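Asks: Attaching a single structure in structure tokens format; questions to follow.
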Amino acid sequence: MPAVRSFHQDAAGAARVSDSTAEPAERTADEAELLLLRGECSEAQPRAVPALRWCSAAAVLVVVAVVCFAVGPASRHGLRQERARMTQAYEQVQNASQALSLMGLGGVSLGGWLCLEDWFFSMGKGRLVSSAHEQGQGYALPPRIPSMSSPWTSEGLLTRQLINEHGQAYAIQAISEYRTHFITPEDLQEIVNAGLRTVRLPITWAAFADALGPLDQAVYASHNADLDIITVPDPFYKDNASLVTIPRKLLTDFLHEARAHGLSVILDVHAYPGGASHGTYNGVWPLKCTFWTEKSRIGSTSLTQIGLWIVEKMVHWIENLDLEAQGAIAGVTLMNEPGHMNRWKQFAPDQAILSWLGEASARFLSSRLPVGLKLYVSLVETAFQDFGGLAVPWYQQAFTLEERRTRVVADVHYYMAWNHGNCDGRSDGLGAYSCGAAPAKYAGVLNSCAAGFARSSYFRWGSQGGLVSVSEFSLGTADAIDVACKEPTLLWTMLGEQLAAFRKYYFESVIWTWKMPYAPDFEPGWSLQWLLHQSQRLDRT
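This is how it looks when you write it as structure tokens:
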């Protein structure tokens, strides 16, 4: 295997093996996406916004030819003219990377690197974006495990399976080798070449496992958290799920490399002990989410308190970073999608979610962190019975107007794929538009959906000058991968319509995700790298 530059060869070399072992409602999740469109407000123009904004003036003022796929005449002659106009417009942009820069895309997530999700490893056997069935879709963990006979479901259960079947040293080796090879400095250079300036880095609580030392010092805090790589059990599912720690030197080295490339980093904690959201990224899926209501089975501390320990450890680590590494961090999401799917699964009291977010945010805002380092507050409609009546007012009250204008960011996610019949595109004719259709058939749908979401988000979070980041969105047209659209022209149109809508309200935009080499069935619509490579091939022909 050729040598691969990585961010943590020293850390991996210092690895050692530890002895630590250790439906209530029937409505479907697409209702959450429908709510985004039901929040339609008037076409009132947004009020003047302060100078401190996400996008440069140039990015806002540019009218990008490549996204001007206006709905044209329905006649065959008219459609030919429309296609010719589109082709000419695209040729005015020299390459796909330049197009991204002109469109104003801010950044991309490095999903699937330091927080594993099974569908990233479907190996051509994928079914649904983000597994909905308990079987899972993970059939490999390259390079150490090129294939598996039965699929794995989440990182915690996979790690425990590897420990049980092959031992801790093997589990550490398999996951460390994957981390070394998946994202490299060459990826960062390619991202920079695409005109992007931000990367979002999802991680798990395993980067701060030593915060759990009060539960059991020997299990969680006897290692050097900067260098050593050990396995640690989930404190609730201690016999079912474990994680391989993320040495903090890996993160520090990555921050230095990102800064050297001119990139800013959004750190995002995707997984907490016991599972804080119902999704394969939570570390314990498909086991029940217990973070909000249960106590540790190693000791008796509540999991929510343990979560606050993790936040405190993370904040303390950032406070003590060298200035160069610290300066690479644009902001932090303390918890990704807290309580996702609770609206239907009902595993957490709504108020418990908001109370914890308030306590965690207070620890961040009262810290010694630089004022310019932003706090991203993730709130999702899928977590609450009454999102507009509870979560939105809470956000307005929890943070001052000055904080919302300068330091606290409303962190929102948007996916058309789950808005069935309204915004999705499918090859079976059951979507809002059909794959393979002429642009005149789908451009209006994409425009309406993106504009509706952006307008609703503006009036919820940004109408008083508040900062808003669409930190996750994609080009996936349907959640069922076998019927999702894959034509690059359609995907570029979808990207352009979303970015134009976000740019209108000065939203930061970070697309999900960068690469999915072990999930070729999901790459169209979910891998920005795939789309760029497809377009570059067209540029060369």
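The opening position of the sequence shown corresponds to residue 0 in numbering that gives the first Met the number 0, with each subsequent residue numbered one higher. Don't be surprised by glycine CBs; every beta carbon is placed ideally from N, CA and C. Predicted model only: the values in this text are computed from it and were never measured.
Would you mind reading off the limits of the beta strand (DSSP E) that contains T381?
Replies: The residue you call residue 381 lines up with position 382 of the sequence shown. Segment: none, T381 is in no beta strand (DSSP E) and carries neither H nor E.
Asks: Taking all protein chains shown into account, decide if D321 is buried (16 or more other Cβ within 10 angstroms of its Cβ) or exposed.
Replies: Taking the sequence shown and counting its residues from 1, one reaches residue 321 at position 322. Flag for D321 reads exposed.
Asks: Y414 by DSSP, collapsed to three states: which one?
Replies: Taking the sequence shown and counting its residues from 1, one reaches residue 414 at position 415. Coil.
Asks: Cutting at 6 angstroms between CB atoms, please list the residues of its own chain near V408, excluding the five before and the five after it.
Replies: As a first step, residue 408 must be located in the sequence shown, where it is residue number 409. Once the five neighbours on either side are set aside, the close Cβ partners of V408 are K373, Y375, L466, S468.
Asks: Count the other CB atoms, across all protein chains shown, that sit within 10 Å of the CB of E522; report buried if there are 16 or more and exposed otherwise.
Replies: Taking the first residue of the sequence shown as 1, we reach residue 522 at position 523. It counts as buried.
Asks: Does N163 pass the burial test, meaning 16 or more other C-beta atoms within 10 Å, or should it be called exposed?
Replies: As a working note, residue 163 is residue 164 in the sequence shown. Exposed is the call here.
Asks: So P232 is in the beta strand (DSSP E); what residue range does that whole segment cover?
Replies: Residue mapping note: residue 232 aligns to position 233 of the sequence shown, counting from 1. From DSSP, the beta strand (DSSP E) with P232 extends over 230 to 232.
Asks: I'd like the span of the beta strand (DSSP E) that includes E507, first residue to last.
Replies: Here the question's residue 507 lines up with position 508 in the sequence shown. Looking at the DSSP string, the run of the beta strand (DSSP E) that includes E507 is 507 to 510.
Asks: Starting from V268, follow the alpha helix (DSSP H) in both directions and report where the run begins and ends.
Replies: Looking up residue 268 in the sequence shown gives position 269. Note, V268: premise wrong, no alpha helix (DSSP H); beta strand (DSSP E) at 263 to 270.
Asks: Can you name the start and end residues of the beta strand (DSSP E) that L474 belongs to?
Replies: Position 475 of the sequence shown, counted from the start, is the residue given in the question as residue 474. Run containing L474: none; DSSP gives neither H nor E here.
Asks: Return the CA-CA distance between I297 and W308, expressed in angstroms with no decimal places.
Replies: On the sequence shown, residue 297 is found 298 positions in, with the first residue counted as 1. On the sequence shown, residue 308 is found 309 positions in, with the first residue counted as 1. Cα-Cα distance, rounded: 15 angstroms.
Asks: Taking the continuous alpha helix (DSSP H) assigned at P184, which residues delimit it?
Replies: Counting from 1 along the sequence shown, the entry for residue 184 is found at position 185. Segment 184 to 192, the alpha helix (DSSP H) holding P184.
Asks: Starting from R367, trace the beta strand (DSSP E) both ways and give me its first and last residue.
Replies: Taking the sequence shown and counting its residues from 1, one reaches residue 367 at position 368. It is not in any beta strand (DSSP E) - R367 carries neither H nor E in the DSSP assignment.
Asks: Quick one: is V128 buried, meaning 16 or more other Cβ sit within 10 Å of its Cβ, or exposed?
Replies: Taking the first residue of the sequence shown as 1, we reach residue 128 at position 129. Its Cβ being crowded by 16 or more others within 10 Å, V128 is buried.
Asks: Can you give me the start and stop residues for the alpha helix (DSSP H) that S426 sits inside?
Replies: Stepping through the sequence shown from its first residue, residue 426 is reached at position 427. No alpha helix (DSSP H) contains S426, which DSSP labels as neither H nor E.
Asks: Per the DSSP calculation, I144 is bridged to which residue(s)?
Replies: Reading the sequence shown from its first residue, position 145 is the one you call residue 144. L140, per the DSSP bridge assignment.
Asks: Where does Y504 fall in DSSP's three states?
Replies: Numbered from 1 along the sequence shown, position 505 holds the residue referred to as residue 504. Note: Y504 maps to coil in three-state DSSP.
Asks: Which partner residues does T203 have in the DSSP bridge list?
Replies: What you label residue 203 is simply residue 204 of the sequence shown in a count that begins at 1. In DSSP, T203 forms a bridge with A270.
Asks: Below 8 angstroms CB to CB, which residues in the same chain sit around N239 once its five sequence neighbours on both sides are set aside?
Replies: Locating residue 239 in the sequence shown gives position 240, where the first residue counts as 1. Around N239: G155, L156, R159, D233, V283, L286.
Asks: Is the beta carbon of L109 sitting closer than 8 angstroms to the one on W525?
Replies: Reading the sequence shown from its first residue, position 110 is the one you call residue 109. Reading the sequence shown from its first residue, position 526 is the one you call residue 525. Contact: no.
Asks: What residues are listed by DSSP as bridge partners for T399?
Replies: To locate residue 399, count along the sequence shown from 1; it is residue 400. According to DSSP, T399 bridges with nothing at all.
Asks: What does the alpha-carbon distance come out to for the pair G111 and N319?
Replies: Numbered from its first residue, the sequence shown carries residue 111 at position 112. Numbered from its first residue, the sequence shown carries residue 319 at position 320. If I take the Cα positions, the gap works out to 27 angstroms.
Asks: Quick one: using the 10 Å Cβ neighbour count with 16 as the cut-off for buried, is A259 buried or exposed?
Replies: Taking the sequence shown and counting its residues from 1, the one referred to as residue 259 is at position 260. Burial call: exposed.
Asks: Give me the DSSP bridge partner(s) of I328.
Replies: Sequence index remark: in the sequence shown, residue 328 carries index 329 (1-based). Beta-bridge pairing links I328 to V264.
Asks: With burial defined as no fewer than 16 other Cβ atoms inside 10 Å of the residue's Cβ, what is the status of P337: buried or exposed?
Replies: Along the sequence shown, read from residue 1 onward, the residue named residue 337 stands at position 338. So P337 counts as buried.
Asks: Hey, how far is the Cα of V268 from the Cα of A500?
Replies: Translated into positions along the sequence shown, residue 268 becomes position 269. Translated into positions along the sequence shown, residue 500 becomes position 501. Those two C-alpha atoms are separated by around 27 angstroms.
Asks: Go ahead and pull the three-state DSSP assignment for L389.
Replies: Position 390 of the sequence shown, counting from 1, holds the residue named residue 389. Here L389 sits in helix by DSSP.
Asks: Between which two residues does the alpha helix (DSSP H) holding G443 run?
Replies: Along the sequence shown, read from residue 1 onward, the residue named residue 443 stands at position 444. First-last of the alpha helix (DSSP H) with G443: 438 to 456.
Asks: Kindly identify the DSSP beta-bridge partner or partners of S295.
Replies: Taking the sequence shown and counting its residues from 1, the one referred to as residue 295 is at position 296. Bridge partners of S295: none, in fact.
Asks: Helix or strand or just coil, what does DSSP make of E617?
Replies: No answer is possible for residue 617: the residues shown for the chain start at 0 and end at 540.
Asks: Can you give me the C-alpha to C-alpha distance between G77 and P487, rounded to a whole angstrom?
Replies: On the sequence shown, position 78 is the one that residue 77 refers to. On the sequence shown, position 488 is the one that residue 487 refers to. Reliability of the predicted coordinates at G77 is poor, the pLDDT of 46 falling under 50, and no value is obtained from them.
Asks: Among the residues of its own chain, which have a CB less than 6 angstroms from the CB of D478, if the five just before and after it don't count?
Replies: The residue you call residue 478 lines up with position 479 of the sequence shown. Correct list, in chain order: L127, V128, A416, W417.
Asks: How far does the alpha helix (DSSP H) with S175 in it reach, from first residue to last?
Replies: As a working mapping, residue 175 is identified with position 176 in the sequence shown. Where S175 is concerned, the enclosing alpha helix (DSSP H) stretches over 167 to 181.
Asks: Helix, strand or coil, according to DSSP, for Y432 in the structure here?
Replies: Taking the first residue of the sequence shown as 1, we reach residue 432 at position 433. Correct three-state label for Y432: strand.
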